[in-house]
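Chemist:
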Amino acid sequence: MRRMEEYLAIAEQGGIESEVTTFVRDRMTPAKPFAPIEAPSFFTRVFRRMSFWHVKRQSRLSLYDLSPEQLADIGLSRAEADQESRKALLSSWTRSL
1 MRRMEEYLAI AEQGGIESEV TTFVRDRMTP AKPFAPIEAP SFFTRVFRRM
51 SFWHVKRQSR LSLYDLSPEQ LADIGLSRAE ADQESRKALL SSWTRSL
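Residue 1 is where the sequence shown starts when you use the UniProt record's numbering, and the numbers rise one by one after that.
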């Protein structure tokens, strides 16, 4: 802090240009509160939900294609994989699109 005071004293005497004496920390302002977040529109919510559903469906369908060794690696039995893949097949009408 002493060096800063010496520097400012030299600057006041005209040894350094006056513009240099303004430091970034002198221009800092207090933090503003967070701006309110707008709620997503109805269509945005529907699109996000459909995207999430699609990802889950693809994951469940991929379980059906795994071999017993691969299922054992991830800690699932064939019965559990079949049960999960049936959840995706309930709405298989989109598969033909």
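Positions of the beta carbon are idealized from the N, C-alpha and C atoms, including for glycine.
Which whole-angstrom value is the C-beta distance of S60 and S85, which I expect to be below 8 Å?
Modeler: If you number the sequence shown from 1, residue 60 lands on position 60. If you number the sequence shown from 1, residue 85 lands on position 85. The residue you asked about is not Ser; residue 60 is Arg in the sequence shown. So it is a contact: roughly 5 Å between Cβ atoms.
Chemist: Short of 7 Å in beta carbon distance, which residues of its chain neighbour A88, apart from the five on each side in sequence? Order them along the chain.
Modeler: Here residue 88 refers to the residue found at position 88 of the sequence shown. Closer than 7 Å at Cβ, skipping near neighbours: R57, R60 and L61.
Chemist: Count the other C-beta atoms from every protein chain shown that fall within 10 angstroms of the C-beta of A79, then say buried if there are 16 or more, exposed otherwise.
Modeler: Here residue 79 refers to the residue found at position 79 of the sequence shown. The residue is exposed, with fewer than 16 neighbouring Cβ atoms inside 10 Å.
Chemist: How is L76 classed by DSSP in three states: helix, strand or coil?
Modeler: On the sequence shown, position 76 is the one that residue 76 refers to. Of the three classes helix, strand and coil, the one that applies to L76 here is coil, per DSSP.
Chemist: F52 lies in the alpha helix (DSSP H); which residues open and close that run?
Modeler: The sequence position of residue 52 within the sequence shown is 52, counting from 1. First-last of the alpha helix (DSSP H) with F52: F42 to Y64.
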